[in-house]
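Residue numbers (the working numbering): 312 to 478.
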């Protein structure tokens, strides 16, 4: 029975007593050498081991469609054009802005609240884009030129909308 009392002592809490009431030295413990475990995983995909996440490289962006990309000559002519933006210019651009109207609005200096108000007041994206251009034109007056509009559209990379403009 004395073996039971000695063996029932939790490790690291003290020394076990021998049967005579004295302290018994703990038996020497063999030193364990840790060997790294090697696991070979073959034919696997998206396996995550440890804190590092390996992701496949991003797919390259396809080149822009030339049907919707303005030529260099057209862009240069638009950037030199200092005439005021007309209603025809606005109408030509809005159908090709799509959801990018908010990015164009931020580039034009409109606040998030102003963009939210436009979004709440107009259900269609084209209507929102037209209202944005109207407010920009009202705010800038004579400075609302074709050159300035082209710069904003190029900054946001709305190339299809730039293609619709004529100097």
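The beta carbon of each residue, even a glycine, is placed where N, CA and C say it ideally should be.
Bear in mind that the values here come from a model prediction, so they are computed numbers and not experimental data.
Residue i versus residue j - alpha carbon distance
i, j, result
"residue 460", "residue 355", "51 Å"
"residue 381", "residue 366", "35 Å"
"residue 386", "residue 478", "9 Å"
"residue 383", "residue 407", "19 Å"
"residue 369", "residue 379", "24 Å"
Beta-carbon separation (whole angstroms), residue i vs residue j, contact threshold 8 Å
i, j, result
"residue 463", "residue 415", "6 Å"
"residue 404", "residue 476", "7 Å"
"residue 411", "residue 467", "6 Å"
"residue 430", "residue 417", "Actually they do not touch by this definition, with Cβ atoms about 13 Å apart."
Limits of the alpha helix (DSSP H) - the one that residue i falls within
i, result
"residue 424", "423-432"
"residue 353", "Residue 353 -> no alpha helix (DSSP H), and no H or E assigned at all."
"residue 441", "436-451"
"residue 411", "Segment: none, residue 411 is in no alpha helix (DSSP H) and carries neither H nor E."
Of the residues the options, the one placed nearest residue i, counting alpha carbons only
i, options, result
"residue 393", "435, 439, 443 and 456", "456"
"residue 388", "353, 444, 374 and 458", "458"
"residue 446", "402, 425, 471 and 375", "425"
"residue 436", "413, 453 and 450", "413"
"residue 402", "444, 338 and 421", "444"
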